[in-house]
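> Under my numbering, read the sequence shown as residues 19 to 771, first letter to last.
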Amino acid sequence: MSRRKLTPLVTISQRAEAWYTTVYTAQWLDNTVKACTVPNSPEKAKFEAWILDQHGPQMGGEIIRECNNRVQKGRWVPHKPPKTMREKGVVLCYGAAAHYGLTPKGIQYLQLYACQANQFAPERTLAPPKRNKGESSMRWLVRVNGKFHQYQPVLNEPLKMFSEMTLSGHKPTPFDFEYLRRTVFSEYDKTRDTWERWRTDPQFFAADIFQRSRSIIPFRHVLEMAPRTKQWTIIDNAFCTRVNFLCMVHVAWRDAALLFEELAARGLHTAAAIERAYQKDTALLWRLVSAMHIVSVMWRKMWANFQQLIATSEYYKPVLNSWRDENIPPYIVQNETEIKKRRRLGEFTDLDEAIIEAASERSPNPIALFMAIEEGFEQDPKQKNKFSAELFEAIGDLAAAAEFEDQFMKSEFGDKIIKYSATLEQDGSETEKMRSILYYMDPAKLPAERLRYWDRAGEATMFARRMEGVWNALVWQLTVEPVWRGLQDRSAPGGLDCAESLEMPVGLFNQMWDTFDKLMWAKAAVLDRKGEEGRVAAAYGLWKPMDPNRPQASARKVLLVPLVQLQPVNVPRKSAQPYVQHIPVAQPGESVAQSGHAYLSQRASDPKEKVKTRGEAANDSDVALVGEPEPEKVEVPEDLPLEFKLGKKVLKVFHRILEPPEDEKENAPAKGQIRWDDFEHAMKRIGFEVVQTAGSSVRFDPPASRARPITFHRPHPDSLLTPHSIKWLGARLKRTYGWTTETFQRTEGEKVD
């Protein structure tokens, strides 16, 4: 390879051909160099601020000097055409460096900045990809972001990957209202129900805390404590971590669910319709900004949780070193000695490489991770055994949040929202309205937060960090030390850490939550605005201490009480016809699309049964613009049947899962084990579409427009549902759909045993 004085590459097309890249990539790089290399320009200042933020003052200063270094311009030509993605990355790097008179490292830092900050990209003109029916979040994200080019052949850092579809100039994927809405509601319901189960199921609560304590990376001073003291301190930290995590996940999915209820109520099912609406109504604009950025903060918290789960997992812990200093995120670095050992033994796969990169990377790339998981499992399904159940659950949760962020934050739709909100934020005329919607806390009670380079709309894009930081600090003031000390005598000889099956007395358990409900309610109340009492508590899913409907554990082990704040929206009306199994049902991949009005609580009170379709006109949607894609119209009934008539095998599954009516519970048989595949099959038989979202997360989409989807985590590595998990599954089905064993009857004509 050499630098030669040849005919200059005048046009972008010539450069793309010479550098073995796309015209879109060559144009993006040209825009970036022109914007960030002008002395004393605002864009150059932003670029250098990003370098310092990423690498610190010493190394950052060296990198800035490297980027400012100018060399003789020329034309760099490889000795032979590149074949691999890495070789093409080398050609692009050295070819562009020679053309612009920069160093290869300088070119790569400029490209990294442009991609991470989403700056200087030219307009995309190629058609966007289309989603296949039934395609999961992880598969869709991997396919859309498909094959990757690698652009860091000379930097002493992990390779950065970019989507070939993006770098080819394809338009962003269209805003998929239906899929996102199902995701939002199923994730919100799952979080709300889990939060409540913590208060009603002592066995689940204890097991969850003990398990989470094993993935805690302790502070240095904790490691120096006496064994028993260290043990309950780590468990105490696990409690605070889980409370903080559940609060953040609840506020994010709740905010998104409320937004999608509003969009559905106003008939806004497409990006264009939503854009027209928020330009007329800035309150809707700020609702969109709120959901986008609160979910983004949640995603970062999910990723941090995922990294700690990797670092402390049985299989990956030996190849990672982790520690934690006071008041900063934990350090997770690769154990090169152990990695080299596994490589020599042929025990270190491409999937392992991707996983440890994900654990130690400060700027995560979820798409690269998802692609590695898909390819790794496809090459060798046994690699699934490297993952704990908790890791599989975390992957599923991450994928749901990643797709939401992908369609909102990293899309043309999201870019327009951010640019418009930035204009209004700078204008200042919307400040009061903006704050009243974005902040569920009183902003006057929050500490100042400095703007970061990624805050493209100023305060409108950093508000969520302010609130998350304050609530995190308050939650970490909680302690369950008295409870753990009280349970110490009940635990195994090894202490609490050996007591997954520890039975917490119901009275003590309820007393604990009574204390914490009062504490958390009081902490939330301090942050409320005047006249908005209870807003912070509602956002985090807290319960008012004196509320008679506050969930509590009982000797009867009722896991979920009937909803009071949010009633099921899909209770079938008396006109609904019974389901008979011989009717054709939806199979995986078939559409069971639902109306935009599906999830509005207790709307459409007309008792007459109707069939609705997607895409009907409504208040704010107006008439679609010419060329705007209309939502696909698929006729579906409004409600699920009151009764299902099934064959013996499928009926047996539902009768094992569901509780009998109240008057029959006393004589009901004990729950046995059920295979997860049998449950999936049974749900398909009654018309539900089964969506394998990612990891162990599975969503069931009902064939009725007013019925909510529901998400569960598939058991791993054993696919058997235990009696306790069956009760949880049945409780959620009853809460969501009102089902009992009485709902499912034998098909007429079959013999009853």
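All C-beta atoms in this analysis are idealised placements derived from N, C-alpha and C, irrespective of residue type, glycine included.
Just to confirm my understanding: we take A270, look at its own chain, exclude 5 residues before and 5 after, and list those with CB closer than 6 Å. What are they?
Correct list, in chain order: I312, V313, M316.
> If distances are taken between C-alpha atoms only, which option among P99, Y118, N490, S454 comes closest to D48?
With distances taken between Cα atoms, D48 lies closest to Y118.
> Quick one: give me the first and last residue of the alpha helix (DSSP H) that K123 is part of.
K123 -> alpha helix (DSSP H) spans 122 to 134.
> Which same chain residues, not among the five before or five after P147, have their C-beta less than 8 Å away from its C-beta?
Excluding positions up to five away in sequence, the list reads R161, V162, M183, H188, T191.
> In the region 28 to 86, which residue ranges form an unbroken beta strand (DSSP E) of at least 3 residues, counting only runs that do not cross its ends?
Here no run is fully enclosed.
> Do you know offhand how far E486's Cα is from K670's?
E486 and K670: Cα-Cα distance of roughly 46 Å.
> For V524, I'd like the list of residues in its chain whose CB is within less than 8 Å of its CB, leaving aside the five on either flank, ordered along the chain.
Excluding positions up to five away in sequence, the list reads P220, A571, S572, A573.
> Measuring CA to CA, which of W321, E356, I346, L327 is closest to P336?
Of W321, E356, I346, L327, the residue nearest in Cα terms is E356.
> Residues in the same chain with beta-carbon distance under 7 Å from V267, minus the five sequence neighbours each way, listed in chain order, please.
Once the five neighbours on either side are set aside, the close Cβ partners of V267 are T209, M316.
> Which of helix, strand or coil does DSSP assign to W561?
In this structure, W561 counts as coil in the three-state DSSP scheme.
> Name the two residues that bound the continuous beta strand (DSSP E) containing S715.
Its beta strand (DSSP E) spans residues 715 to 719.
> If distances are taken between C-alpha atoms only, which option among P245, G665, F263 comes closest to D226?
Taking only the C-alpha atoms, the option nearest D226 is F263.
> Which term fits G414, buried or exposed, when burial requires 16 or more other beta carbons within 10 angstroms of its beta carbon?
That one is buried.
> When you compare only the Cα positions, how much space is there between K702 and G713?
Looking at the two C-alpha atoms, the distance is approximately 20 Å.
> Using CA atoms only, rank isn't needed, just tell me which of K64, A36, R88 is closest to P100.
That would be A36, whose Cα lies nearest to the Cα of P100.
> Taking its Cβ as the centre, do 16 or more other Cβ atoms sit within 10 Å of E354, making it buried, or is it exposed?
Exposed, by the Cβ-count rule.
> Could you tell me if T780 is buried or exposed, where buried requires 16 or more neighbouring beta carbons within 10 angstroms of its beta carbon?
The displayed coordinates of the chain run from 19 to 771. Any statement about residue 780 would go beyond what the structure contains.
> When you compare each of F193, Y197, I436 to L151 by their alpha carbons, which one comes out closest?
Note that residue 151 is Lys in the sequence shown here, rather than Leu. Out of F193, Y197, I436, Y197 has the C-alpha closest to the C-alpha of K151.
> What's the C-alpha gap between A386 and A372?
The straight-line gap from Cα to Cα measures roughly 8 Å.
> What is the DSSP secondary structure of E653, reduced to helix, strand or coil?
Here E653 sits in coil by DSSP.
> So what's I234 in DSSP terms, helix, strand or just coil?
Note: I234 maps to coil in three-state DSSP.
> Looking at L442 and E448, is the spacing between their C-beta atoms short of 7 Å?
In contact: E448 and L442 (Cβ atoms closer than 7 Å).
> Helix, strand or coil for K548, going by three-state DSSP, please let me know.
Residue state, collapsed to three classes: coil.
> Can you list, in chain order, the stretches of the alpha helix (DSSP H) that have 4 or more residues and sit fully within the region 359 to 397?
As far as the region 359 to 397 is concerned, its whole alpha helix (DSSP H) runs of at least 4 residues are 368 to 378, 384 to 397.
> Please classify R764: does DSSP put it in a helix, a strand, or coil?
Here R764 sits in strand by DSSP.
> With a 10 Å radius around its C-beta and 16 neighbouring C-beta atoms as the bar for buried, classify A635 as buried or exposed.
In this predicted model, A635 has a pLDDT of only 39, less than 50, meaning its place in the structure is not dependable enough to derive any value.
> Could you give the C-beta distance for A543 and E551, rounded to a whole number, given that I count them as a contact under 8 Å?
Indeed they touch by this definition, with Cβ atoms about 7 Å apart.
> Report the CB separation of A376 from Q325 in whole angstroms; it is logged as a contact under 8 Å.
With 8 Å as the limit, A376 and Q325 qualify as a contact, their Cβ atoms being about 7 Å apart.
> Using 8 Å as the threshold, is the region 453 to 471 in touch with the region 546 to 560, meaning 3 or more CB pairs across them?
Taking 8 Å as the limit for Cβ pairs, the verdict is that the region 546 to 560 does touch the region 453 to 471.
> Assuming contact is defined by CB atoms lying nearer than 7 Å, are A418 and T201 in contact in what I supplied?
A contact, by the Cβ cut-off of 7 Å.
> Could you say which of F193, W746, L27 lies nearest to F431 if we only look at CA atoms?
Ranking F193, W746, L27 by Cα distance to F431 puts F193 first.
> Is P566 closer than 7 Å to K536 when the C-beta atoms are compared?
Going by C-beta atoms, K536 is not nearer than 7 Å to P566.
> So which of I252, H97, F481, I125 has the shortest CA-CA distance to N87?
For the residues I252, H97, F481, I125, the minimum Cα distance to N87 belongs to I125.
> Bridge partners for N339 per DSSP, in chain order?
BP columns for N339 point to V351.
> Buried or exposed: where does K626 fall if 16 or more other Cβ atoms within 10 Å of its Cβ makes it buried?
Confidence at K626 is low in this model, with a pLDDT of 36, below 50, so its placement is unreliable and the value that follows should be read with caution. Counting Cβ neighbours within 10 Å, K626 comes out exposed, since fewer than 16 surround it.
> Excluding the 5 residues preceding and the 5 following D433 in the sequence, name in chain order all residues of the same chain whose CB lies nearer than 8 Å to its CB.
Excluding residues within five positions, the ones whose Cβ falls inside 8 Å are N136.
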